[in-house]
Every structure is written in C-alpha cells, then in structure tokens.
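A.B. asks:
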C-alpha cells in the first residue's frame, strides 16, 4: 500500500499562493510557484521565502548537553548562548549520517536542526549515543513550522517585523515574540544570500507567511532552492553526501575539528583519512557544450568513466552546472566529458562554490 505523503503546516498557504506540489522525501512541498527562473531571480536580487517546515528540530537539555554534542558532532561548539555551528554527525566508519546546525540556547540547552530525509535516523542515533550522559533528547519537529526568508533585501523587509533583525550575527539564534508567541530566528541560509529562518508554532508561521507575502517576499519552491544552493556550493544530504562518504571526500574537511579534546565518533578514522588523503573527492563541473546534465550522468576523462554527478541543474547565472565524485587528482580547470543521454558533452572541473556573495 502506497505510503501517504506528509503535509507541512504551511501546505494550504503554499497551495493558495500557487504552489505546484511534489513528493520530496515523503513530504508534499511546492516545486515552484510562478517559475524556477523568476524565483531564482527574486532571491538573488530581492527576497524570496521557502517553506522548510519538513526539517526537524531536536532539543538537548541537561548538564551534559554541551559535552554530549561535542562527542556527537565533528565541529567544535562554543558554550555561548546564541551561537550556532554547522557540523556533521558520523557513523562508526566515518560516513556522513547528516549535516546539522546546532545552536546554544543556554549552558544546558541546545537546539539542533536536522534534515527531513534523515530526521528519524538522526533522532534514534542521538538517543543511542546519549546513553551515559545527563541529557534529555527531544524531537520537537512536529510542534514546529519553519520559513526561510532569503535575499539581499530580506533583512530590510524584516525590519518591519523586528527592528533589531540586522543585529543578529551569522550562524546565531535569538528568541523573538512572533504575533504574541515565542519563536526562534536563525541567520544561516541555504541559498548563498543573506536572510533568516524563523521557526515556531504552526499558527504563527502561517501568519508570518501571509505577512511576508504583503511585505515584499516572493514564494519560492524546491526547484529554485536546488539551483540556488548548488550555485552556492551547498550540498544536499542524501545525494551529495551520505553514509558511504566521509567529510574529506565531500570536500568538507574544514568541519572536522581533530584538535578538540572530545572523542567524537570516528575521530581516529578521520585523523587517518586526513593524513593519508582521499582517493575520490566531490568537485563541481561546468558544461562547455550544449545541454543540461542531471543527477547520475557519468563523468569521463580520456574516454574512461571516472565518476558520476550527484547534483546537476540549469543555472541562470552559469548555464549547466553540477557536482560529483571523481578521483582526487582531478583539479580545478581540468577538462572532462559528461554523458547526457548517450551524448558526450565537454565540461570543465570547477572548484565550488560557483557563486559567492559577500554574506
């Protein structure tokens, strides 16, 4: 029997705004509203908003909350209320279970935002790993809705909602009063542009969706979001990284802090990988000939297949772009070929990101 697709608390609001719904990891989410190109333009030049309520929120509370997360994740967190950090959580072999962003709410309380595709797996992994620590792990995802508001003018528009919004630093969190109820604002982003994410009770986030429509924000779907994040060099969990890849292979070695004292999962393996180097790595590609590549297209060098694309799309800024795993000796500028429906198209290896703003 076919599994029923889940709907976010903003499902009806997205439909009313013209969203065309598709299945995304078991969730019904808008792939686009007006058009992918128009929505891409809105975020790069003005302001757009995305329903990201499918993502998860896991809270860690207790006197060992900080020490537990130091043990659980690769990055070196700071015990400073408001501060956040991006990290990977790894399996025993160093494979990437998920990439997460953790925020310190107080010395004994943290919020970790996880990806929708791995939400249940992440929670079970955290619960298993928390044995022996004085920490309570709570999956509060079903109690939250979340809206991402991104673009060069996003914070200007949001000043009408919160006059101090621009004071929030990158990768920090703060609590606000959102239409009479507590909500959290974070300043991270997945588009390469400035902006925030606001998460809170469904009723308030629905009010925020309506407010944003009236204050300059264009509703945007998964299609534009995928183009924007690939241009900015952000990886997609489950496609560009999974438990078969480690952070060094995924070109994310910077997120592994081997010098921190806590013995996070697979720390010794990561130290060995760094010392020995990797055989394959993730790198970007830009097509030099006509056509648009897609996930799964083969990458060839001198007639020999050397890898496959894990993400690929059409970019209004760079035409056809993608990324994939190839031998580590492939470098920025190297010429390759990408197979598109049986046709070999010349391409060039490109160090990501393709696009970099000043944020």
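Numbering (this note's numbering), first residue to last: 805 to 1163.
Glycine residues also receive a C-beta, built at the ideal position from the N, C-alpha and C atoms.
Starting from the C-beta of residue 815, find all residues in its chain whose C-beta is less than 7 Å away, skip the five residues before and the five after it, and write them out in chain order.
C.D. replies: For residue 815, where only same-chain residues beyond five positions count, the Cβ hits under 7 Å are 832.
A.B. asks: Which residue spans inside the stretch 904 to 989 form an unbroken alpha helix (DSSP H) run of at least 4?
C.D. replies: Here the runs fully enclosed are 923 to 933, 958 to 962.
A.B. asks: What beta strand (DSSP E) runs, 3 residues minimum, are completely inside the stretch 1085 to 1129?
C.D. replies: Complete beta strand (DSSP E) runs here, min 3: 1102 to 1105, 1108 to 1119.
A.B. asks: Mind checking residue 1036: buried by the 16 CB within 10 Å criterion, or exposed?
C.D. replies: By the 10 Å Cβ count, residue 1036 comes out buried.
A.B. asks: Leaving out five residues on either side along the sequence, give the residues of the same chain with a beta carbon under 7 Å from the beta carbon of residue 1121.
C.D. replies: Correct list, in chain order: 1035, 1159.
A.B. asks: Determine, using beta carbons only, whether residue 996 and residue 1157 come nearer to each other than 8 Å.
C.D. replies: Against a cut-off of 8 Å, the Cβ pair of residue 1157 and residue 996 comes out as a contact.
A.B. asks: Leaving out five residues on either side along the sequence, give the residues of the same chain with a beta carbon under 7 Å from the beta carbon of residue 896.
C.D. replies: Answer for residue 896: 1069, 1070, listed in chain order.
A.B. asks: Go to residue 871, then tell me how far its beta strand (DSSP E) extends in each direction, as first and last residue.
C.D. replies: Per DSSP, residue 871 belongs to no beta strand (DSSP E); it is in the alpha helix (DSSP H), 869 to 876.
A.B. asks: Given that a residue counts as buried once 16 or more other Cβ atoms are within 10 Å of its Cβ, and exposed if not, what is residue 923?
C.D. replies: Counting Cβ neighbours within 10 Å, residue 923 comes out buried, since at least 16 surround it.
A.B. asks: Taking just the CA atoms, how far does residue 961 sit from residue 1010?
C.D. replies: Residue 1010 and residue 961: Cα-Cα distance of roughly 18 Å.
A.B. asks: Using only the alpha-carbon positions, how far apart do residue 1017 and residue 1023 sit?
C.D. replies: Taking the straight line from one Cα to the other gives about 7 Å.
A.B. asks: Mind the definition here: the stretch 1048 to 1062 touches the stretch 982 to 993 only if three or more C-beta pairs lie below 8 Å; say whether that holds.
C.D. replies: The stretch 1048 to 1062 vs the stretch 982 to 993: no contact.
A.B. asks: Quick one: give me the first and last residue of the beta strand (DSSP E) that residue 854 is part of.
C.D. replies: Here the beta strand (DSSP E) through residue 854 covers 852 to 855.
A.B. asks: Apart from the five residues on each side of it in sequence, which residues of its chain come closer than 6 Å, Cβ to Cβ, to residue 823?
C.D. replies: Excluding sequence neighbours, residue 823 sits near 834, 837.
A.B. asks: Taking just the CA atoms, how far does residue 872 sit from residue 880?
C.D. replies: Cα to Cα, the separation comes out at about 12 Å.
A.B. asks: Helix, strand or coil for residue 805 per DSSP?
C.D. replies: The predicted position of residue 805 is uncertain, since its pLDDT is 42 and thus under 50; a value taken from the coordinates is nonetheless stated next. Coil at residue 805, not helix or strand.
A.B. asks: So what does residue 1015 bridge to, in DSSP terms?
C.D. replies: In the DSSP output, where bridge partners are listed per residue, residue 1015 has none listed.
A.B. asks: Taking the alpha-carbon positions, what's the residue 1038 to residue 991 distance?
C.D. replies: Looking at the two C-alpha atoms, the distance is approximately 16 Å.
A.B. asks: Report yes if the C-beta distance between residue 931 and residue 908 is below 8 Å; otherwise report no.
C.D. replies: No, they are not a contact pair.
A.B. asks: State the CB to CB distance for the pair residue 918 and residue 865, rounded to an integer number of angstroms; the pair is presumed to be in contact (CB under 8 Å).
C.D. replies: Wrong, their Cβ atoms sit about 17 Å apart, outside the cutoff.
A.B. asks: Write down the C-beta distance between residue 1044 and residue 1127 rounded to the nearest angstrom, noting that I regard them as a contact closer than 8 Å.
C.D. replies: The Cβ separation is near 6 Å, so the contact holds.
A.B. asks: Our contact map puts residue 1145 next to residue 1116 with C-beta atoms below 8 Å; I'd like the distance itself, whole angstroms only.
C.D. replies: About 13 Å separates the two Cβ atoms, so there is no contact after all.
A.B. asks: Looking at the structure shown, is residue 1143 part of a helix, part of a strand, or coil, going by DSSP?
C.D. replies: Strand, per DSSP.
A.B. asks: So, are the CB atoms of residue 844 and residue 812 less than 8 Å apart?
C.D. replies: Result no, Cβ atoms of residue 844 and residue 812 do not sit closer than 8 Å.
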